[in-house]
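Quick notes on the structure that follows.
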Amino acid sequence: MDRVMVIGVSTFKGFHLARRLLKEGYEVIGIDDEGEAKTQLARQRLYVLSHPSFHLIRTDVFHKPHMRQIATMYEPNHVILCCGSSSTNQERKIERYEQVKQLVMNQKSRVPIQSFITFDLPVEQTCHSSSALHLITEDVYGPWDDPTTLFSKAVLAVDQGHRMVGYYATDIVKASYIDDVVETVVRVIKLIQSGLSLVGQFRIDASDYVHVQTLLAEIGHQLHRPVHISLPMREHVFQETDLPTLEAMIGFRPRTPLHEGLRQTIEWYDAYQTMMKEDMST
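Following this line, the structure appears as structure tokens:
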């Protein structure tokens, strides 16, 4: 089976992609380039990823000799570049992309890499790219979500009675459940394995569109808690990108309804909170 290099494997998307690819029988080379900046949650993701076909390598993508050595040793067929949290500097994201792109280009003289896939890079800076498949996602959520995302903040706000700062009740959430995003990528890889060359920019559609206040109400319903969070109102601006989707090519579009995705997310959240309390009490 093919080998997939996942760069940023301790990130939310990187973790879920690696897990699914391992289940599909792929060999996964996980590059952890966050160093000491990793959160406790990211460290626990790496612990969960323990698998005979998973190779964890802690290095920095800017360490060119080491990255070349890794690529030569494992000869990956596919490379996936995952960004960290939404607060990551956009310039830093592009710098990482340029480093990995050069690595992929250098591999052409050895064993060519069939696909190079990126997530959520600035659209305007990758619009003329002819060397990678750039995927743009919406508000992705699910178990093991980063604590800085809207969904995690919303769950914490309802569960612990915290205020949510910086959000408006009328803002529209374009909800994409993580399993749907991963399914899209797996299908893309299989399509490329069949001989299709796929590059350019594509968006992964959301499966649900809701207002932030509706999101809070649904979380309250699932947690069996009243929602007393009152957010300010404003005229919402619905911004839709004109990038094409992959639905026609892969025969799949995100379909997990919000209530089902939230149910699985909150079940994980409850289990994780229990685990953390037990760890602190020992």
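Heads up: the sequence shown begins at 2 in the working numbering, then just goes up one per residue. Note that the Cβ used here is the ideal one computed from N, Cα and C, for glycine as well.
| Query | Result |
| --- | --- |
| Hey, quick one: how far does the alpha helix (DSSP H) through residue 250 stretch, first residue to last? | 248–251 |
| Say whether the segment 139–159 touches the segment 255–270, bearing in mind that this needs 3 or more beta-carbon pairs closer than 8 Å, one atom from each stretch. | yes |
| Mind checking whether residue 216 and residue 157 have CB atoms under 9 Å apart? | no |
| Excluding five sequence neighbours on each side, which residues of the same chain lie with their C-beta closer than 7 Å to the C-beta of residue 21? | 183, 187 |
| Sorted by chain position, which residues of the same chain lie with C-beta nearer than 7 Å to residue 214's C-beta, five sequence neighbours on each side aside? | 170, 232 |
| When you compare only the Cα positions, how much space is there between residue 125 and residue 153? | 28 Å |
| Based on Cα-Cα distance, which residue from 103, 51, 11 lies nearest to residue 33? | 11 |
| Between the Cα of residue 40 and the Cα atoms of 9, 27, 23, 51, which residue gives the shortest distance? | 9 |
| Is residue 174 buried or exposed, if buried means 16 or more other CB atoms sit within 10 Å of its CB? | buried |
| Between which two residues does the beta strand (DSSP E) holding residue 142 run? | 140–142 |
| If we define contact as Cβ-Cβ less than 9 Å, is residue 94 a contact residue for chain C? | Here chain C cannot be found, since the structure has a single protein chain. |
| How about residue 225: is its Cβ closer than 8 Å to a heavy atom in the ligand NAP? | What this structure holds is no ligand at all, so the ligand NAP is not there to describe. |
| If you run the structure through DSSP and keep just helix, strand and coil, what is residue 15? | helix |
| Which partner residues does residue 178 have in the DSSP bridge list? | 142 |
| If I measure Cβ to Cβ from residue 262 and keep anything under 6 Å in the same chain, skipping five residues before and after, which residues do I get? | 178 |
| Leaving out five residues before and five after residue 134 in sequence, what residues of the same chain have Cβ atoms less than 8 Å from its Cβ? | 116, 117, 118, 119, 189, 199, 200, 201, 203 |
| Considering only the beta carbon of each residue, do residue 54 and residue 76 sit closer than 9 Å? | no |
| How big is the Cα-Cα spacing for residue 181 and residue 18? | 11 Å |
| Kindly indicate which three-state DSSP category residue 204 falls into: helix, strand or coil? | strand |
| Based on Cα-Cα distance, which residue from 224, 254, 97, 241 lies nearest to residue 1? | Outside the shown range of the chain, which is 2 to 283, sits residue 1, and nothing can be said about it. |
| If we ignore side chains and look at the alpha-carbon of each, how far apart do residue 94 and residue 45 end up? | 23 Å |
| Output the boundary residues of the alpha helix (DSSP H) element that contains residue 28. | Careful: residue 28 lies outside any alpha helix (DSSP H), inside the beta strand (DSSP E) at 28–33. |
| Give me the residue from 81, 7, 62 with the minimum Cα distance to residue 56. | 7 |
| Do you know offhand how far residue 127's Cα is from residue 83's? | 15 Å |
| Suppose the cutoff is 7 Å on Cβ atoms and the five residues either side in sequence are ignored; what does the same chain contact list for residue 257 look like? | 178, 180, 181, 208 |
| How many Å lie between residue 193 and residue 254 at the Cα? | 18 Å |
| Any idea if residue 242 is buried or exposed, counting beta-carbon neighbours within 10 angstroms, 16 or more meaning buried? | exposed |
| May I have the straight-line CA-CA distance separating residue 78 from residue 112, to the nearest angstrom? | 8 Å |
| Output the boundary residues of the beta strand (DSSP E) element that contains residue 114. | Counting along the chain, residue 114 falls outside any beta strand (DSSP E), and DSSP gives it neither H nor E. |
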